[in-house]
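In what follows, a single structure is set out as structure tokens and then discussed.
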């Protein structure tokens with residue numbers, strides 16, 4: 021899920037500790053300049069969706085419609101990676117609104133093939149399997165799709181540099197990514213503004229086949245947590261429907277509480293004590 | 015109306031609630047939330063059978079209730095308690111305000127490999143969508159047919175549930191000290207079929223129902239072993255207890271739930287983007303092993319095949335086929351008492367279809383569910399529309415359209431009960 025953002029050189033920063041951090045970032049910048057667009061997007065993806073080996077966060081999702089009415093969803097999210105750029109397990113435990121409190125969702129994300137997803141409805145003790153081959157569908161009624169949340173692998177797109185631009189006081193690299201199979205995505209192409217210093221995708225614009233802007237993603241706030249610069253506030257705006265979703269991450273940790281094998285029906289029905 | 019909370023159950027419940035309170039006192043905090051809800055169901059056709067009913071309102075609406083549900087929960091490291099209770103004002107049946115304890119359980123995390131959940135709770139398993147093969151836990155069909163929210167389809171039961179885990183395999187064993195029968199139309203809210211009279215009746219002419227005595231020997235036992243293999247889920251089930259419905263007849267024209275034991279299996283997997291499920295069970299009618307007794311159900315086999323496909327844009331379609339095979343059919347047919355309907359087929363086919371679509375950022379949900387009894391020539395259609403005004407306010411509109419050619423079939427017995435409902439829920 022897009023909830024944890026890794027922005028560190030995989031071995032370097034972790035091993036060398038905080039003094040090496042700055043050097044690491046300079047290293048990253050130098051690296052970014054030499055990378056092909058595909059290599060850069062691979063690194064962005066890996067750090068954005070596979071930070072550390074997993075993590076935990078409390079997420080507040082605010083949905084605002086064109087009349088400025090808001091709806092709020094709050095949930096805990098746990099992630100355990102099985103393999104970098106490969107399979108991952110996700111667990112979501114809803115705390116708000118009260119109608120869905122205690123509802124949980126388990127997703128076994130498969131890099132090759134459809135994900136497996138289950139929903140648990142506690143009021144009926146029902147474990148419902150969800151048909152999940154459609155990653156372009158909205159995640160819990162928000163502007164984020166399932167794919168936005170759990171990641172779209174860079175190998176599914178063709179990537180090219182289309183320029184550089186100053187954004188929020190830093191020089192960003194702009195990458196255009198075009199899906200190789202247009203039927204498998206809800207947009208024709210997207211542009212990503214990558215911060216070469218921390219490799220965060222600070223802004224993304226999604227276009228349809230008529231070159232019309234349909235969605236805009238931005239990272240609004242970054243905090244360094246456990247040495248990992250993390251996008252703690254992110255927004256997705258649907259420009260046509262004038263509908264916006266903002267996600268705020270709180271209590272972020274990169275401790276991996278659960279082993280991959282723990283993501284099963286027992287977890288679905290029994291949220292860990294730290295979440296209850 | 016059957017006596018819902020009897021003495022033993024009350025004792026069982028009291029123990030659980032005390033345990034819960036004990037847990038509350040040890041846990042850091044108690045979380046309280048809930049909702050208030052009004053459900054009003056209106057008849058859309060005249061029901062002659064109910065015209066002789068004792069309450070005038072029954073003729074106009076099968077359900078009219080206002081309820082407030084409170085949920086209390088709390089937990090500590092090794093335990094968790096949960097209480098869900100409804101304060102109910104039932105204006106369709108002119109009942110006073112009542113309290114329904116829908117759940118009151120204590121969950122104990124005994125060991126890494128074992129959980130215990132004891133108290134009043136709902137339990138669900140199996141792979142069917144509104145069709146139950148191995149899920150032999152109690153249902154409330156009256157709630158289902160009269161516009162109540164779906165969770166009310168499950169009738170709470172007092173259960174001790176033991177779960178054991180090893181690797182990816184789970185073994186579960188449940189004991190219900192007291193048998194809980196399905197809640198079926200009794201002629202009060204909905205008319206029902208009286209097999210002794212051979213016609214649809216209201217409350218006055220509804221057949222009497224005898225429940226099994228609350229003895230240890232009449233406890234219900236449920237078991238399941240389940241696991242995963244890749245994206246496929248498998249499970250084996252076993253049950254010993256009684257049929258959930260009063261399918262047996264006594265000599266003095268009363269109905270009762272005969273002894274039944276069952277074994278079954280299920281498989282569910284995603285195949286090329288389609289969710290597929292397969293389930294089967296053998297229902298062994300213990301008191302009529304030869305199938306020659308006309309006042310008892312025959313042993314039967316139920317099979318289910320289902321498929322679901324998400325078509326994108328929050329549209330999904332699913333379908334199920336259900337087959338019910340009566341064993342010792344010749345003996346059954348020879349002994350069948352022709353009283354208001356023809357002999358059921360040896361293999362009865364039923365199909366279901368569900369279409370659901372979400373719109374406007376999933377605030378509007380349109381859904382259609384239909385059952386068609388191919389062999390029984392009956393049907394039950396459930397169209398519904400649900401709109402979420404805000405996080406706390408939801409309105410649902412829907413209908414229960416039930417009809418059939420004959421008065422003794424699954425849905426045909428509830429003909430003339432079709433209704434439309436409006437439900438409004440405010441959560442807090």
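Protein chains in written order, with the working numbering: chain A, 21 to 296; chain B, 15 to 442. Ideal Cβ placement from N, Cα and C applies to all residues, glycine included. Source: prediction; values computed, not measured.
Close to chain B, meaning a Cβ-Cβ distance shorter than 8 Å, are the following residues of the region 262 to 283 of chain A: 263 and 281.
Chain B has no Cβ within less than 8 Å of the Cβ of residue 139/A. Between the region 225 to 238 of chain A and the region 202 to 215 of chain A, the count of Cβ pairs shorter than 8 Å is three or higher; the stretches touch.
Between residue 146/B and residue 249/B, the alpha-carbon positions lie close to 14 Å from each other. Between the region 156 to 165 of chain B and the region 183 to 191 of chain B there are fewer than three C-beta pairs closer than 8 Å, too few to call the two in contact.
Taking the Cα positions, residue 116/A is about 44 Å away from residue 273/B. For the C-beta of residue 156/A, the chain B residues within less than 8 Å are, from N- to C-terminus, 326. With fewer than three CB-CB distances shorter than 8 Å, the region 104 to 113 of chain A does not count as touching the region 70 to 90 of chain B. Closer than 8 Å to the CB of residue 146/A there is at least one CB belonging to chain B. For residue 179/B, there is no enclosing alpha helix (DSSP H); the enclosing beta strand (DSSP E) has its first and last residue at 171 to 180. Taking the beta carbon of residue 161/A as reference, the chain B residues within 8 Å of it are 372, 375, 376 and 377, listed in sequence order. Taking the Cα of residue 155/B as reference, the smallest distance to any Cα among 439/B, 420/B and 416/B is reached at 416/B.
Along the region 113 to 136 of chain B, going in chain order, the ones with a CB nearer than 8 Å to a CB of chain A are 121, 123, 129, 135 and 136. The criterion of a C-beta distance shorter than 8 Å is satisfied by residue 342/B and residue 305/B. Per DSSP, the unbroken beta strand (DSSP E) holding residue 215/A starts and ends at 209 to 215. If you draw a straight line from the Cα of residue 235/B to the Cα of residue 254/B, it is about 5 Å long. Contiguous alpha helix (DSSP H) elements confined to the region 125 to 194 of chain A occur at 166 to 170, taking only those with 4 or more residues.
Relative to the Cα of residue 217/A, the nearest Cα in the group 203/A, 190/A and 241/A belongs to 190/A. By the neighbour-count definition (other C-beta atoms within 10 Å, threshold 16), residue 245/A is a buried residue. Assignment of alpha helix (DSSP H) within the region 44 to 101 of chain B, counting only whole runs of 4 or more residues, yields 62 to 65 in chain order. Contacts between residue 117/A and chain B, judged by CB atoms closer than 8 Å, involve 405, 406 and 441 in chain order. Residue state for residue 67/A is assigned as helix, using DSSP reduced to three classes. For residue 289/B, the chain A residues whose Cβ falls inside 7 Å of its Cβ are 149 and 151, in order along the chain. In this structure residue 137/B touches residue 175/B by the C-beta definition: roughly 7 Å separates them, less than 8 Å. Residue contact with chain B for residue 191/A: absent (no Cβ-Cβ distance below 8 Å to any residue of chain B). Non-local C-beta neighbours of residue 142/A in its own chain, meaning closer than 7 Å and more than five positions away in sequence, comprise 122 and 123, ordered along the chain. Per DSSP, reduced to three states, the secondary structure at residue 302/B is helical. The beta carbon of residue 141/B sits closer than 6 Å to those of 280, 282, 291 and 293, all from its chain and outside the five residues before and after it, given in chain order. No Cβ of chain B is located within less than 8 Å of the beta carbon of residue 168/A. DSSP places residue 94/A inside the beta strand (DSSP E), whose first and last residues are 90 to 101. If you compare the alpha carbons of 195/A, 170/A and 166/A with that of residue 177/A, the shortest gap goes to 195/A. Taking residue 220/A as reference, the option from 62/A, 54/A and 83/A with the minimal CA-CA separation is 62/A. Leaving aside the five residues that flank residue 130/A on each side, the residues in its chain whose CB is nearer than 6 Å to its CB run, in chain order, 107.
Contact of residue 164/B with chain A is assigned, a C-beta pair being separated by under 8 Å. Per DSSP, residue 120/A is not a residue of any alpha helix (DSSP H), being assigned neither H nor E. With the criterion set as a beta carbon lying under 9 Å from some beta carbon of chain A, the members of the region 47 to 64 of chain B are 47, 48 and 49, in sequence order.
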